[in-house]
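**Student:** Numbering (this note's numbering), first residue to last: 8 to 329.
Where is the CB? At the ideal position from N, CA and C, for every residue including glycine.
#1: Which of the three DSSP states is assigned to residue 257 in this structure?
#2: Taking residue 147 as the reference, which of 133, 160, 171, 287 has the closest Cα?
#3: Can you list, in chain order, the residues of its chain with a C-beta nearer than 7 Å to that of residue 176? Leave out the 5 residues immediately preceding and following it.
#4: CA-CA distance, residue 292 and residue 211?
#5: Could you spell out the range, first to last residue, of the beta strand (DSSP E) harbouring residue 124?
#6: Do you know offhand how far residue 257's Cα is from residue 267's?
#7: Using 10 angstroms around the beta-carbon of residue 296, count the other beta-carbons present and answer buried if the total reaches 16, otherwise exposed.
#8: Could you give the residue range of the alpha helix (DSSP H) that holds residue 295?
#9: Return helix, strand or coil for residue 323, following the three-state DSSP convention.
#10: For the beta strand (DSSP E) that contains residue 136, what are its first and last residues?
#11: Tell me residue 182's beta-bridge partners as DSSP assigns them.
#12: Tell me whether residue 210 sits in a helix, a strand or coil according to DSSP, three-state version.
#13: Since I believe residue 240 is in contact with residue 223 (beta carbons under 8 Å), could you give me their beta-carbon distance rounded to a whole number of angstroms?
#14: Are residue 187 and residue 163 closer than 7 Å when you measure CB to CB?
#15: Who are the Cβ neighbours of residue 149 in its own chain at under 6 Å, not counting the five residues just before and after it?
#16: Please classify residue 272: is it buried, with 16 or more other beta-carbons within 10 angstroms of its beta-carbon, or exposed?
#17: Could you name the residues of the same chain whose beta carbon sits closer than 6 Å to that of residue 124, not counting the 5 residues immediately before and after it, in chain order?
#18: Check whether the Cβ atoms of residue 251 and residue 300 sit closer than 7 Å, and answer yes or no.
#19: Sort out for me which residues DSSP pairs residue 284 with in a bridge.
#20: Look at residue 329 and residue 306 and say whether their C-beta atoms are less than 7 Å apart.
#21: Residue 126 and residue 115: beta carbons closer than 7 Å?
#22: Check for me: the beta strand (DSSP E) holding residue 238 runs from which residue to which?
#23: Between the Cα of residue 316 and the Cα atoms of 265, 237, 259, 264, which residue gives the shortest distance?
#24: Skipping 5 residues on each side, what residues in its chain have a beta carbon closer than 6 Å to that of residue 225?
#25: If you run the structure through DSSP and keep just helix, strand and coil, what is residue 222?
#26: Would you mind sorting residue 168 into buried or exposed? The rule is 16 or more other CB atoms within 10 Å of its CB.
#27: Got a sec: is the Cβ-Cβ distance from residue 189 to anything in chain D below 7 Å?
#28: Between residue 134 and residue 202, is the Cβ-Cβ spacing less than 7 Å?
#29: Compute the Euclidean distance between the alpha carbons of residue 304 and residue 232, then round it to the nearest angstrom.
#30: From this set, 184, 254, 249, which residue's C-alpha is nearest residue 279's C-alpha?
#31: Going straight from the alpha carbon of residue 130 to that of residue 247, what length do you get?
#32: Within the continuous beta strand (DSSP E) that includes residue 311, where are the two ends?
Set out below in structure tokens:
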């Protein structure tokens, strides 16, 4: 199972993402990015919970999960519980009675001055599309701020955009929402369209090249493996990440410039562990990235990440312990 990260929390959403190998090949910018209808789960403007790289497939089933930390618990997003005699919810309250009417994020069919945004409450695990005021004109790549909580939908990004990679101060970066339709989605160059099954949220997640992740990812995000052989920017907390060699269960646990291996046999970890990327053009033995991690990974060798690399990705390596 795979998750995409947006910041410091977890949204429960079913997703789909085209997994066709690296699409952010150095020097190339595709015009659009299409998406499948099934995939891993997305943690969105805030991060938490993750898995490592998945098999190359454009048809894997996602889960509905929700947490404010690195939890893998799951539940149906719109399930409701029974009320007791006092009127209190026994399990999960049904918020639909007081919620505004839903809108269509593809059509952006809200009244003038409003936009269709994902709005939710992590406490009761309910998320929906609702019309919210347009509070700014921020577009892809520009800084943004959310108000009154991550999932209020109240940000200063323009219509057709959402504030993503949100940190604990509620500041983030605007990214585009997918355009077109569920059957024919598209995104700006060098981004991937992630589609929720309802759909609730349809973000265009930035692609990245792991050896030069700073060029595509904001400061509180890093380039991590995603579905298949692709890499996308996923949020991390720079102040709370694991060093090379540490056991991990989620991608966003590992420090920038590294990833959670998720493949013990291939990468030589007794458990899933954080391993640094390295540039094979700088040598396999005494590679600078591996030498820098020598205290945690003594004797690590820069080993090809891909068994059969795509053009432009031949230099991507991993510091693998002996």
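**Tutor:** The structure says:
#1: For the purposes of this step, residue 257 is taken as the residue at position 250 of the chain shown. The answer is coil: DSSP assigns residue 257 none of H, G, I, E or B.
#2: Counting from one through the chain shown, the residue named residue 147 turns up at place 140. Of the candidates 133, 160, 171, 287, the residue whose Cα lies closest to the Cα of residue 147 is 171.
#3: The residue labelled residue 176 in the question sits at position 169 within the chain shown. For residue 176, where only same-chain residues beyond five positions count, there are no Cβ hits under 7 Å.
#4: As a position in the chain shown, residue 292 is number 285, starting the count at 1. As a position in the chain shown, residue 211 is number 204, starting the count at 1. So the alpha carbons of these two residues sit roughly 38 Å apart.
#5: As a working note, residue 124 is residue 117 in the chain shown. Looking at the DSSP string, the run of the beta strand (DSSP E) that includes residue 124 is 121-128.
#6: Indexing the chain shown from 1 puts residue 257 at position 250. Indexing the chain shown from 1 puts residue 267 at position 260. Rounded to whole angstroms, residue 257 to residue 267 spans 6 Å at the Cα level.
#7: Your numbering for residue 296 matches position 289 in the chain shown. Buried, since its Cβ has 16 or more Cβ neighbours within 10 Å.
#8: Residue 295 sits at position 288 when you count from the first residue of the chain shown. That run of the alpha helix (DSSP H) goes 295-299.
#9: One-based indexing of the chain shown puts residue 323 at position 316. DSSP places residue 323 within a strand segment (E or B) once states are collapsed to three.
#10: Indexing the chain shown from 1 puts residue 136 at position 129. Residues 133-140.
#11: Here residue 182 refers to the residue found at position 175 of the chain shown. Bridge partners of residue 182 according to DSSP: 169.
#12: By 1-based counting over the chain shown, the position of residue 210 is 203. Residue 210 falls in the strand class under three-state DSSP.
#13: Residue 223 sits at position 216 when you count from the first residue of the chain shown. Residue 240 sits at position 233 when you count from the first residue of the chain shown. About 6 Å; that satisfies the 8 Å criterion.
#14: For this step, residue 187 is matched to residue 180 along the chain shown. For this step, residue 163 is matched to residue 156 along the chain shown. Residue 163 is positioned such that its CB atom lies no closer than 7 Å to that of residue 187.
#15: The count along the chain shown starts at 1 and reaches residue 149 at position 142. If the five residues before and after residue 149 are omitted, its C-beta is found closer than 6 Å to the C-beta atoms of 181, all from its own chain and listed in chain order.
#16: Start at 1 with the first residue of the chain shown, and residue 272 comes out as number 265. With fewer than 16 other Cβ atoms within 10 Å, it is exposed.
#17: The count along the chain shown starts at 1 and reaches residue 124 at position 117. 139, 160.
#18: Along the chain shown, read from residue 1 onward, the residue named residue 251 stands at position 244. Along the chain shown, read from residue 1 onward, the residue named residue 300 stands at position 293. Yes, these two residues count as a Cβ contact at 7 Å.
#19: Locating residue 284 in the chain shown gives position 277, where the first residue counts as 1. BP columns for residue 284 point to 325.
#20: For the purposes of this step, residue 329 is taken as residue 322 along the chain shown, with counting starting at 1. For the purposes of this step, residue 306 is taken as residue 299 along the chain shown, with counting starting at 1. The Cβ-Cβ distance between residue 329 and residue 306 falls below 7 Å.
#21: To locate residue 126, count along the chain shown from 1; it is residue 119. To locate residue 115, count along the chain shown from 1; it is residue 108. Their beta carbons are not under 7 Å apart, which means residue 126 does not touch residue 115 by this criterion.
#22: In the chain shown, the residue the question calls residue 238 occupies position 231. Element bounds for residue 238: 238-242.
#23: What you label residue 316 is simply residue 309 of the chain shown in a count that begins at 1. That would be 237, whose Cα lies nearest to the Cα of residue 316.
#24: Within the chain shown, residue 225 is the residue found at index 218, counting from 1. For residue 225, where only same-chain residues beyond five positions count, the Cβ hits under 6 Å are 172, 180.
#25: Sequence index remark: in the chain shown, residue 222 carries index 215 (1-based). Helix at residue 222.
#26: Mapped onto the chain shown, residue 168 falls at position 161. Buried is the call here.
#27: Reference to chain D is not applicable here, since this structure consists of a single protein chain.
#28: Within the chain shown, numbered from 1, the residue matching residue 134 stands at position 127. Within the chain shown, numbered from 1, the residue matching residue 202 stands at position 195. No, these two residues do not count as a Cβ contact at 7 Å.
#29: Counting from one through the chain shown, the residue named residue 304 turns up at place 297. Counting from one through the chain shown, the residue named residue 232 turns up at place 225. Approximately 21 Å, taken between the alpha carbons.
#30: Along the chain shown, read from residue 1 onward, the residue named residue 279 stands at position 272. Residue 279 has its Cα closest to that of 254, out of 184, 254, 249.
#31: Counting from one through the chain shown, the residue named residue 130 turns up at place 123. Counting from one through the chain shown, the residue named residue 247 turns up at place 240. Answer to the nearest angstrom: the Cα atoms are 24 Å apart.
#32: In the chain shown, the residue the question calls residue 311 occupies position 304. Segment 308-311, the beta strand (DSSP E) holding residue 311.
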